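Novice: Before anything else, here's the structure in question.
2 protein chains.
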Amino acid sequence: MTEVPSNHPRYHSLQLRERLVHGLKAGLATEAGLLAHGRGEAFDYLLGEKSHDFAAEAIAVASALLLTARLPVFSVNGNSASLAGQEINELVKVHERMVVEVNLFHHSQQRSSLIANYLRELGVPHVVESSVGPSVALPEIKSARRRMNVEGLAEADVVLVALEDGDRCQALVNAGRKVIAVDLNPLSRTAQVAHVSIVDELTRVLKLLATQLKSDQNQTPEELARRIAAYDNAKILDQAIATIRRGV
Amino acid sequence: MTEVPSNHPRYHSLQLRERLVHGLKAGLATEAGLLAHGRGEAFDYLLGEKSHDFAAEAIAVASALLLTARLPVFSVNGNSASLAGQEINELVKVHERMVVEVNLFHHSQQRSSLIANYLRELGVPHVVESSVGPSVALPEIKSARRRMNVEGLAEADVVLVALEDGDRCQALVNAGRKVIAVDLNPLSRTAQVAHVSIVDELTRVLKLLATQLKSDQNQTPEELARRIAAYDNAKILDQAIATIRRGV
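Right, here's the structure in full:
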């Protein structure tokens with residue numbers, strides 16, 4: 002990669018590329034992951050590479066869902082670990098009951114373990130792997146990623162997915178999980194089927210979500226439940242689509 | 002990469018990914034190239050992954066410019082060679098005076114030579130490298146990619162660029178070249194500054210351009226000149242932007 006001056010207009014975006022290329026070289030991410038990230042980049046470019054009100058509104062509801070969950074689980078893959086390992090660590094420091102489960106679209110046990118150890122070394126306390134230890138199968142999914150660790154996704158009621166495949170997002174919804182998805186493409190099946198779709202770039206989202214969780218810690222369960230009940234994800238997706246359309 | 006069944010709705014797009022990953026592994030493409038391709042993919046997705054009338058119109062003018070050129074040069078980089086080596090070869094078979102010049106954004110002599118040899122092995126007759134042999138500097142450009150081979154870009158009057166950086170496209174225009182650009186993002190600086198912007202996916206473009214060149218071979222220079230004079234690139238870009246906006 003080329004050295005990028007810090008005053009470059011796309012500095013943050015180019016830094017994320019560097020993180021992902023390092024992730025590829027460290028064995029955390031895949032070539033397919035780089036391509037998928039590039040697709041996301043295009044949508045972020047059309048969003049002006051900044052967080053919008055529709056993302057803030059979805060993040061407020063995500064915070065309420067995560068705080069009132071019996072077992073909140075963050076499903077992490079190679080791209081999300083490479084791009085946002087530090088931000089994931091900061092998030093779980095704010096919400097200590099959250100379990101991080103490594104689940105990969107292009108599964109390999111070596112890569113799964115590398116990601117789990119990378120997150121543990123950063124300081125994430127509860128890291129499990131879908132493919133290690135007792136698990137339950139997620140119906141409708143055929144590949145290795147169907148596995149759900151009994152200490153994580155198998156028991157989760159609220160699941161945060163980032164940069165996730167549409168099939169698996171749909172299967173998690175069908176299996177009764179409340180799904181919060183971080184996805185830059187509001188037209189993607191993941192964004193379309195999730196209960197709460199945060200249309201924004203992952204590292205920006207995780208910082209905003211950590212701040213929101215902190216400020217929500219003194220809210221009553223009733224207040225959080227009211228916020229969840231008042232939320233309309235279809236409206237949020239419409240706003241995101243309209244914003245991208247204006248950006249083109 | 003995962004095996005993709007041929008009835009998958011995004012089969013062609015996923016095949017292109019495979020070509021690029023092979024290109025990376027063979028040393029032709031870079032990680033940055035994969036990310037850039039992902040960005041292009043997102044725009045192709047918004048275009049419905051098909052060629053539109055605005056692309057056909059630009060291709061007809063590109064054909065006229067290439068046929069009436071004194072020296073037409075196709076500037077090829079790692080992504081275009083990886084994605085469309087075969088299509089480049091088929092194109093130059095139809096228009097034999099065209100020189101292919103390898104010029105890389107992330108320059109390395111090893112990669113440049115690998116690409117040149119890959120194209121020669123496919124059968125491309127006139128391959129030169131910007132970085133090998135006598136060259137002239139393209140003003141405004143600082144890096145190694147400023148070099149223009151005296152058998153290619155230095156003497157070219159019409160240049161076809163694919164998946165090209167905006168800075169270099171602008172510098173080629175400023176240096177008096179007629180520039181035809183293939184770029185999926187009609188908002189990119191490359192598309193905005195080129196004389197003829199073909200907003201479409203490269204392998205589809207090269208097949209259509211080869212067909213157009215064949216059917217234009219009996220046209221008179223006057224007829225081709227009239228076609229060039231009647232062309233309005235700003236209108237074509239507006240149509241591409243409107244189509245993407247409808248697709249979001």
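Protein chains in written order, with this note's numbering: chain A, 2 to 249; chain B, 2 to 249. We put the CB at the ideal spot given by N, CA and C, even for glycine. Remember, it's a predicted structure, so these values are computed and weren't measured experimentally.
(1) If the cut-off is 9 Å on Cβ atoms, which residues from the region 36 to 66 of chain A count as contacting chain B, listed in chain order?
(2) Step through the CB atoms of chain A and report whether any lies within less than 7 Å of the CB of B/Ile242.
(3) Since B/Leu25 meets chain A, which of its residues come closer than 8 Å, beta carbon to beta carbon?
(4) Closer than 8 Å is the cut-off here; do at least three beta carbon pairs connect the region 148 to 155 of chain B with the region 97 to 105 of chain B?
(5) Can you have a look at B/Glu251 and say buried or exposed, based on whether 16 or more other CB atoms are within 10 angstroms of its CB?
(6) Can you pull the DSSP bridge partners for B/Met149?
(7) Against chain B, with Cβ distances strictly below 7 Å, would A/Val22 count as a contact?
(8) I need the boundaries of the beta strand (DSSP E) containing B/Pro200, first residue and last residue.
(9) In the DSSP assignment, find the unbroken alpha helix (DSSP H) run with A/Val26 in it and report its ends.
(10) For B/Val259, go through chain A and note every residue whose CB falls closer than 9 Å to its CB, in chain order.
(11) Three or more C-beta pairs under 8 Å: does that hold for the region 75 to 86 of chain B against the region 76 to 94 of chain A?
(12) How would you label B/Glu223, buried or exposed, when you count the other beta carbons within 10 angstroms and need 16 or more for buried?
(13) Answer with yes or no whether the minimum CB distance from B/Met2 to chain A is below 7 Å.
(14) Evaluate contact between the region 178 to 186 of chain A and the region 32 to 51 of chain A, counting only Cβ atoms and requiring at least three cross-stretch pairs below 8 Å.
(15) Against chain A, does B/Ile245 count as a neighbour if the rule is that its beta carbon must be under 7 Å from one of theirs?
(16) Check B/Pro187 in the structure and name its three-state DSSP category.
(17) Taking Cβ to Cβ, would you say B/Leu207 is nearer than 7 Å to B/Ala85?
(18) For the 8 Å Cβ check, are there 3 or more pairs between the region 159 to 177 of chain A and the region 21 to 28 of chain A?
(19) Assuming A/Ile181 and A/Leu66 form a contact by the criterion Cβ under 8 Å, report the distance between their Cβ atoms to the nearest whole angstrom.
(20) In the DSSP assignment, find the beta strand (DSSP E) that holds A/Leu161 and state where it starts and stops.
(21) For A/Arg71, which residues in the same chain have their Cβ closer than 7 Å to its Cβ, ignoring the five residues on either side in sequence?
(22) Quick one, are the C-beta atoms of A/Val129 and A/Arg121 less than 7 Å apart?
(23) State the DSSP-derived secondary structure class of B/Ser113, mapped to helix, strand or coil.
(24) Take B/Pro135 as the anchor and find which of B/Lys143, B/Ala155 and B/Thr191 has the nearest alpha-carbon.
(25) For chain A, find out if any of its Cβ atoms is closer than 7 Å to the Cβ of B/Val200; answer yes or no.
(26) Cutting at 6 Å between CB atoms, please list the residues of its own chain near B/Ser64, excluding the five before and the five after it.
(27) The region 103 to 137 of chain A: which residues have C-beta closer than 7 Å to a C-beta of chain B, in chain order?
(28) Near B/Glu91, what residues of its chain come up, given a Cβ to Cβ distance below 8 Å and the 5 sequence neighbours on each side ignored?
(29) Which residues does DSSP list as the beta-bridge partners of B/Glu130?
(30) In terms of alpha-carbon separation, which member of B/Val93, B/Arg169, B/Ile142 and B/Leu203 lies closest to B/Arg20?
(31) What is the DSSP secondary structure of A/Ile142, counted as helix, strand or coil?
(32) Is DSSP giving B/Val125 helix, strand or coil here?
(33) Which residues of chain A have a Cβ atom closer than 7 Å to the Cβ of B/Arg146, listed in chain order?
(34) Measuring straight from C-alpha to C-alpha, what distance separates B/Lys51 and B/Asp201?
(35) By DSSP's criteria, B/Lys179 is part of a beta bridge. Which residues make up the other side?
(36) With a threshold of 6 Å (Cβ to nearest heavy atom), would A/His127 be considered close to the ligand MN?
Specialist: Well, looking at it:
(1) Leu36, Ala37, His38, Gly39, Arg40, Gly41, Glu42, Ala43, Phe44, Tyr46 and Leu47
(2) yes
(3) Glu32
(4) yes
(5) Because chain B in this structure spans residues 2 to 249, residue 251 of chain B falls outside the shown range and cannot be described.
(6) B/Val137
(7) yes
(8) The question names Pro, but residue 200 of chain B is Val in the sequence shown. Where B/Val200 is concerned, there is no enclosing beta strand (DSSP E), given that its DSSP letter is neither H nor E.
(9) Note that residue 26 of chain A corresponds to Lys in the displayed sequence, not to Val. Looking at the DSSP string, the run of the alpha helix (DSSP H) that includes A/Lys26 is Tyr12 to Lys26.
(10) Residue 259 of chain B is absent from the structure shown; chain B starts at 2 and stops at 249.
(11) no
(12) exposed
(13) Bear in mind that a pLDDT of 48 at B/Met2, under 50, signals an unreliable position, so the model cannot answer this.
(14) yes
(15) yes
(16) coil
(17) yes
(18) no
(19) 6 Å
(20) Val159 to Ala163
(21) Asp158
(22) no
(23) helix
(24) B/Ala155
(25) no
(26) Gln213, Leu214 and Asp217
(27) His107
(28) Leu207, Lys208 and Ala211
(29) B/Val103
(30) B/Leu203
(31) coil
(32) coil
(33) By Cβ distance, chain A contributes nothing, its closest Cβ being about 11 Å from B/Arg146, past 7 Å.
(34) 8 Å
(35) B/Val159
(36) By its list of ligands, the structure shown contains no ligand whatsoever, and the ligand MN lies outside what it can speak to.
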